[in-house]
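Visitor:
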Amino acid sequence: MPELTIDGRAIEVPAGTNLIEAARRLAIEIPYYCYHPALAPVGSCRMCQVEILEGGKPPRVAIACRAEATQGLQVSTTGRDCVAARASTLEFLLANHPLDCPICDKAGECDLQDFSYRHGRGAGRFTEPKRAGHKHEPIGDHILLDQERCILCTRCVRFMDEYAGSPSLVVAGRGDRNVIATFPGEPIRSNYEGNLADICPVGALTLKEFRFKSRVWDLDSAESVCTGCDRNCSILLETKRNRLLRARPRVNLRVNGHFMCDVGRFGLLEHCNPAGREELGWTRGARRPAAEAAAELAATLAAEKGRWVALLSARMTTEELLLARTVLAPLARALCFVPAPAEGGDDILFTGRRAANQRALELLGIDARSADEVSNLAADPAVAGLLCFDARLARDLSAAAKLRRLALVDVWTRPAHEPPAADPTAAPLGAEFFLPGTLFSEKEGTFVNVGSVMQRALRAQRPPQGTVDEAGFLREIAARADLDLAELARKPDLTWAALEALGAAGRTLRQLPDDGLDVGGGAPGEAKPA
Amino acid sequence: MAVSGSGPEAAKEHPEAFVAAMRELTRRYPARRGALLPILTALQARRGHLATGDLRLAAELTGLSPAEVFSIATFYTMYRLQPAGRFPIGVCRNISCWVNGSERLVATIRDELAIGPGERTADGAFSLAEVECLGSCENAPCLEIESRYFERVTPGRLRELLRELRESALDPDAAVAAAQRTR
Amino acid sequence: MEAYLSMEFGRREPLRLAEARSGGRYRTAQRVFETLKPEQVVEEVKNSGLRGRGGAWFPTGIKWSFMPREPKGPSYLVINADEGEPGTFKDRQIMEKDPHLLLEGILIACFAIRAETAFLYIRGEYRAAHDVLAEAIAELEQAGLLGDDVFGTRRRLRVILHRGAGAYICGEETALLNSLEGRRGEPRPKPPFPAVYGAFGRPTSVNNVETLANVPAILERGAAWYKTLGTALAPGNLLFGVSGAVERPGCYELPVGTTARELVEKHAGGVKGGGRMRAFVPGGASTGFLPPEKLDLAMDPEKLKKEGTMLGTGGIVVIPEELSLVDALRVFSRFFRHETCGQCSPCREGAAWSDQVIARFQRGQGRADDFTLLQDIMRGSRGRTICVFPEAFAGPLASAIQHFRPEFERRLEGAAAPGRPAHA
Chain A
1 MPELTIDGRA IEVPAGTNLI EAARRLAIEI PYYCYHPALA PVGSCRMCQV EILEGGKPPR
61 VAIACRAEAT QGLQVSTTGR DCVAARASTL EFLLANHPLD CPICDKAGEC DLQDFSYRHG
121 RGAGRFTEPK RAGHKHEPIG DHILLDQERC ILCTRCVRFM DEYAGSPSLV VAGRGDRNVI
181 ATFPGEPIRS NYEGNLADIC PVGALTLKEF RFKSRVWDLD SAESVCTGCD RNCSILLETK
241 RNRLLRARPR VNLRVNGHFM CDVGRFGLLE HCNPAGREEL GWTRGARRPA AEAAAELAAT
301 LAAEKGRWVA LLSARMTTEE LLLARTVLAP LARALCFVPA PAEGGDDILF TGRRAANQRA
361 LELLGIDARS ADEVSNLAAD PAVAGLLCFD ARLARDLSAA AKLRRLALVD VWTRPAHEPP
421 AADPTAAPLG AEFFLPGTLF SEKEGTFVNV GSVMQRALRA QRPPQGTVDE AGFLREIAAR
481 ADLDLAELAR KPDLTWAALE ALGAAGRTLR QLPDDGLDVG GGAPGEAKPA
Chain D
1001 MAVSGSGPEA AKEHPEAFVA AMRELTRRYP ARRGALLPIL TALQARRGHL ATGDLRLAAE
1061 LTGLSPAEVF SIATFYTMYR LQPAGRFPIG VCRNISCWVN GSERLVATIR DELAIGPGER
1121 TADGAFSLAE VECLGSCENA PCLEIESRYF ERVTPGRLRE LLRELRESAL DPDAAVAAAQ
1181 RTR
Chain V
2001 MEAYLSMEFG RREPLRLAEA RSGGRYRTAQ RVFETLKPEQ VVEEVKNSGL RGRGGAWFPT
2061 GIKWSFMPRE PKGPSYLVIN ADEGEPGTFK DRQIMEKDPH LLLEGILIAC FAIRAETAFL
2121 YIRGEYRAAH DVLAEAIAEL EQAGLLGDDV FGTRRRLRVI LHRGAGAYIC GEETALLNSL
2181 EGRRGEPRPK PPFPAVYGAF GRPTSVNNVE TLANVPAILE RGAAWYKTLG TALAPGNLLF
2241 GVSGAVERPG CYELPVGTTA RELVEKHAGG VKGGGRMRAF VPGGASTGFL PPEKLDLAMD
2301 PEKLKKEGTM LGTGGIVVIP EELSLVDALR VFSRFFRHET CGQCSPCREG AAWSDQVIAR
2361 FQRGQGRADD FTLLQDIMRG SRGRTICVFP EAFAGPLASA IQHFRPEFER RLEGAAAPGR
2421 PAHA
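Residue numbers (the numbering used here), protein chains in the order written: chain A, 1 to 530; chain D, 1001 to 1183; chain V, 2001 to 2424.
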């Protein structure tokens, strides 16, 4: 492992490491645009200039992205020449850059703003007419292109080609007529389009879903995971006044690399901002405050012990699933889940299995049953009813065959979940019991992905006033049924209990490593993250 | 920008023998895409410019995406993605031609044809571009039409050339070649 | 002086194979193929001191010695016939008038570097030269000098003629390789060098037309003979170009080291119409402007480097006194702005920005702090990019300000006396 010094500080790095990454390990910032850890380096932006001293020769200015850390190398990021070179690059880039900051979504997280502040000279001398180009032009389902703001780092071009496998974004023209473009009249089509807004260092590629919605410094941010499929990409949920305005990936080399897919990114915007949400509970045709409906349902389940079929959902956290198993296994006639197939996945990130925590269900030993089997079970005259934690599943089952007695615990929105001919004055699906559930973003817990990596998801939103969350409901049942949860209560938290139940050493939610914990036995055929 | 024709349809615009010859070109190179410039040049020679259908055909022949072909085509000065005149005139504006009166030739064209650089006559006969050094500096000032050179051009001889081309019954490239011979 | 490059330049029609062979052409190539080893050819060219005539003056034998001796797969020769440096027209003479001079050099070069395929990349505008070369290559194929059994030695060789499509930057060897591969003609970072990773990822030597035209004579008459011509560090004859405001513009074969004065006054007949020159370009646009006082400079790469300029492609352009140096500079700045590939921020922005500033000077709207600005633009881009394009656009700009500053000062805003035009 070569050892080198950067700004006088020594560090050992694996062979083949470039100077940007070597400096990063020392928390030394070398600014860059065209470089990206997930893409092959090109060395065209000339932002990452440093000085290199090699074996008695005078220091030379070089770009860090294509300079390999070798034994004995001495690097300076503060030498006068490289400081001037970086300031010069910024002056060149700002020459034709429009003064859009006041109206640009990227403000506050813009590398041009930030590097100009930290590495620029403060005043530009360009007084000629600036280049004009297309502004806020849609180039796909989600991205707007502003050619004037573009600094031609070509990350977007290389991302679409190297990562998304679709070379549909290109540089057109030559020299100072270069612009980013698609084939004339043809938008880009990709499940990874949203990442373009993240990798663009400036506001040239922005999301129409986020346009003018908020300044980034007004957003509240929570670390979470995407529940669109069972990849569980590490993400940030960014909200303002409790509304999810943006979901974007966090770097996690173990799970999703640097990116996430559009099914997740834009699906979450819908999912976490449910319009027309049913906020009250229902019992026997009448609306009730959620707490009352929960109490009534809990009492019923306790009283009719052994006669209800409980159907758990992969939308639930591992902790909720453990609690459910603990409470419902002794109480229910059958405790099961319906595995979701992987459909339409790509071999990049999206698995196509719309069941975020299915692996936890498997590892916790919950019975897997087909939808038909559950239907038959529910139809058995000896069965009192079906307790279902999944609205979509309940809807599909009741479409197939009338459910006699249904207790539904999930988020329900009239437009999204309801079949077309439903009666808006009746309970969802005509269920005897309905508890308004909570979104994953409204609680904290863990998810285990297709590769058996357990990750933490923190709370990003507040559920509606008066909501009883799933864990609270399960504890209510335990109380009614006189079940002893003392064993569980002795653990520092439910995450600890869940890990032990999975045969791993106990840790609390916050003790989990930031990039997740392997809880055993990855599924075959999973795509490698980049 | 309207899309004119997809790959298979553009192929139908060009005779089979031509498309087969283009495919053969891709086999001469260690990688198919090496034939891209020769293919684009051949496609442009047929229509006078490259239509989007031509770009798609080139993409299909070389295994590239249409966007990549578009990117490559827009890099090179000689490729035109918009229709030019039947006789696209390129007047060299670089140093030796400039010293020897290239600006007078541009002015002559403006007088005779009422067009400036980047423009095309209304009847579609001529268009004008200012081009960079043609490598015939000892014969300045030079102009070219589809890379056929006209050298030591005076305003008078330019006017004759325009007349001769306009009156020619031959197809454009033959007309230009014939005009070269009479210089 | 005995010409070995330009013997056929006076012809109306190109020299064809039959006549060429009866005059002795290809005998050297035959001897090389039949009796020599590749290493011996490389050694001879190294000893001759031949340096590349594409503008960079890199020793050709050394470039060939970088090629693998035991290649595991194809190696390529790529001929750089992209001649785009303004004021340069010598390669065109060779290709249009004496294609077999080039082709014999190609044969010998391929032998030396163990290449079985040569790509002849010719600029798209050189249609006439392309057609001549196509015929000459066909002649060689028919005669068995290209094909599967060259000179009956079982060696294979083919020359693939490939037309560019209009981009000066494709004269840069790695940009040329990208263009050959059907990409945008953008230069590649070096390392890796073409001898390691070149055309289609294979070891490649890229050589200029005129460089290769020197090779048959070197192999025929020997390195020792070659070193008697030209200068110690840059032997041989050069095809000098003289154009612009001269009586007899043309291509003149003379030893490296001939003075600019001899070329302009003796061979090209002096300034046209007996006038005076304002400036001259010594070796193509990138080499910038020199005042007439410098005419006695030897046109030799070492001497011109010491003078702060370059020999480049040896294309002299004479700017007459009646034309403005600011306007002449604008011809070049506009050219470089048009031709920068645009990859690197400093060059893309700097070439355009400096052109905009010079355009302001043309309009009499220069500003006093523009001089510092232009120096900063050059300093911020030279040595700071993937290729040496900034060095090229800085050539005319730096030399114009250094040697002709008063002309710029006359174009500062407010410099003109009222009622008199800004340019004088």
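Where a beta carbon is used, it is the ideal one built from N, C-alpha and C, also for glycine.
State the CB to CB distance for the pair residue 176 of chain A and residue 2084 of chain V, rounded to an integer number of angstroms; the pair is presumed to be in contact (CB under 8 Å).
Guide: Not confirmed; about 19 Å, so no contact.
Visitor: Could you check the C-alpha separation between residue 2284 of chain V and residue 58 of chain A for me, to the nearest Å?
Guide: Residue 2284 of chain V and residue 58 of chain A: Cα-Cα distance of roughly 32 Å.
Visitor: Quick one: list the residues of chain V neighbouring residue 150 of chain A, beta-carbon separation under 7 Å, in chain order.
Guide: Per Cβ cutoff of 7 Å: no residues; residue 150 of chain A is ~12 Å from chain V at best.
Visitor: Measure the CB-CB distance between residue 510 of chain A and residue 496 of chain A and report whether it falls below 8 Å.
Guide: In this structure, residue 496 of chain A does not lie closer than 8 Å to residue 510 of chain A by Cβ.
Visitor: Would the beta-carbon of residue 1168 of chain D fall within 8 Å of that of residue 1175 of chain D?
Guide: Cβ atoms of residue 1168 of chain D and residue 1175 of chain D: closer than 8 Å.
Visitor: Taking all protein chains shown into account, do 16 or more other C-beta atoms lie within 10 angstroms of the C-beta of residue 308 of chain A, making it buried, or fewer, making it exposed?
Guide: Flag for residue 308 of chain A reads buried.
Visitor: Measuring CA to CA, which of A:449, A:278, A:322 is closest to residue 359 of chain A?
Guide: Of the candidates A:449, A:278, A:322, the one whose C-alpha sits nearest the C-alpha of residue 359 of chain A is A:449.
Visitor: At a cut of 8 Å, does the region 2383-2400 of chain V reach the region 2327-2347 of chain V through at least three beta carbon pairs?
Guide: Yes, they touch.
Visitor: According to DSSP, is residue 217 of chain A part of a helix, a strand, or is it coil?
Guide: Residue 217 of chain A falls in the helix class under three-state DSSP.
Visitor: Hey, residue 1147 of chain D and residue 2127 of chain V are a contact pair by Cβ (cut 8 Å); roughly how many whole angstroms apart?
Guide: The Cβ separation is near 4 Å, so the contact holds.
Visitor: In chain order, what residues of the same chain lie with their CB nearer than 6 Å to the CB of residue 2097 of chain V, ignoring the 5 residues before and after it?
Guide: Correct list, in chain order: 2008, 2009, 2011, 2014.
Visitor: Should residue 1067 of chain D be flagged as near chain A, meaning a C-beta pair shorter than 8 Å?
Guide: So yes, residue 1067 of chain D belongs to the interface.
Visitor: Checking contacts by CB at 8 Å: is residue 2423 of chain V closer than that to chain D?
Guide: Confidence at residue 2423 of chain V is low in this model, with a pLDDT of 48, below 50, so its placement is unreliable and no value can be given for it.
Visitor: Should residue 1 of chain A go down as buried or exposed, given a rule of 16 or more other Cβ atoms within 10 Å for buried?
Guide: So residue 1 of chain A ends up on the exposed side.
Visitor: Using only CA atoms, which one of A:35, A:102, A:145, A:469 lies nearest to residue 293 of chain A?
Guide: Among A:35, A:102, A:145, A:469, the Cα nearest to that of residue 293 of chain A is on A:469.
Visitor: For residue 308 of chain A, which of helix, strand or coil comes out of DSSP?
Guide: DSSP places residue 308 of chain A in strand when its eight states are reduced to three.
Visitor: Relative to the C-alpha of residue 1162 of chain D, which candidate in D:1020, D:1080, D:1085 has its C-alpha closest?
Guide: For residue 1162 of chain D, the nearest C-alpha among the options comes from D:1085.
Visitor: Can you give me the Cβ contacts of residue 505 of chain A inside the same chain, cut-off strictly under 8 Å, excluding the 5 residues immediately before and after it?
Guide: Correct list, in chain order: 499.
Visitor: Please report the distance separating the alpha-carbon of residue 1149 of chain D from that of residue 1032 of chain D.
Guide: Distance between the alpha carbons of residue 1149 of chain D and residue 1032 of chain D: 31 Å.
Visitor: Taking contact to mean at least 3 C-beta pairs separated by less than 8 Å, is the region 2134-2143 of chain V in contact with the region 2180-2200 of chain V?
Guide: Cβ pair count under 8 Å is below three, so no.
Visitor: Would you list, in chain order, the members of the region 1031-1055 of chain D that have their beta-carbon closer than 7 Å to a beta-carbon of chain A?
Guide: If the cut-off is 7 Å between Cβ atoms, the region 1031-1055 of chain D has 1052 near chain A.
Visitor: List, in chain order, every chain D residue whose beta-carbon is nearer than 7 Å to that of residue 2323 of chain V.
Guide: The answer, in chain order, is 1099.
Visitor: Taking residue 476 of chain A as the reference, which of A:299, A:253, A:136, A:264 has the closest Cα?
Guide: For residue 476 of chain A, the nearest C-alpha among the options comes from A:299.
Visitor: Any beta-carbon of chain D closer than 8 Å to the one on residue 144 of chain A?
Guide: Not closer than 8 Å to any Cβ of chain D, the Cβ of residue 144 of chain A fails to qualify, so no.
Visitor: Let me know the secondary structure DSSP gives residue 2294 of chain V once reduced to three states.
Guide: The answer is helix: DSSP assigns residue 2294 of chain V an H, G or I state.
Visitor: For a contact defined as C-beta to C-beta under 9 Å, what are the partners of residue 2341 of chain V on chain A?
Guide: Within chain A, the residues near residue 2341 of chain V are 174, 175, 178.
Visitor: Against residue 115 of chain A, what residues of chain V qualify as contacts under a CB-to-CB distance less than 7 Å, listed in chain order?
Guide: Chain V residues near residue 115 of chain A: none, gap ~12 Å exceeds 7 Å.
Visitor: For residue 1019 of chain D and residue 1044 of chain D, what's the separation of their Cα atoms in angstroms?
Guide: Distance between the alpha carbons of residue 1019 of chain D and residue 1044 of chain D: 13 Å.
Visitor: State the Cα-Cα distance for the pair residue 110 of chain A and residue 255 of chain A, rounded to the nearest angstrom.
Guide: Near 26 Å, if we compare the C-alpha coordinates of residue 255 of chain A and residue 110 of chain A.
Visitor: Below 7 Å CB to CB, which residues in the same chain sit around residue 205 of chain A once its five sequence neighbours on both sides are set aside?
Guide: Closer than 7 Å at Cβ, skipping near neighbours: 143, 145, 156, 196, 197.
Visitor: My output table needs one value for residue 2362 of chain V: the three-state DSSP class, helix, strand or coil.
Guide: In the structure shown, residue 2362 of chain V sits in a helix (DSSP, three-state: H, G or I).
Visitor: For residue 2229 of chain V, return the contacting residues in chain D, with the cut-off set at a CB-CB distance below 8 Å.
Guide: None at all; the shortest Cβ gap to chain D is about 24 Å.
Visitor: Could you please give the first and the last residue of the uninterrupted beta strand (DSSP E) stretch that includes residue 496 of chain A?
Guide: Per DSSP, residue 496 of chain A belongs to no beta strand (DSSP E); it is in the alpha helix (DSSP H), 494-501.
Visitor: Determine the DSSP secondary structure at residue 1144 of chain D, reduced to helix, strand or coil.
Guide: It is a strand residue.
Visitor: Between the C-alpha atoms of residue 131 of chain A and residue 151 of chain A, what's the straight-line distance to the nearest angstrom?
Guide: So the two alpha carbons sit approximately 12 Å from each other.
Visitor: What residue range is occupied by the uninterrupted beta strand (DSSP E) comprising residue 454 of chain A?
Guide: Where residue 454 of chain A is concerned, the enclosing beta strand (DSSP E) stretches over 453-457.
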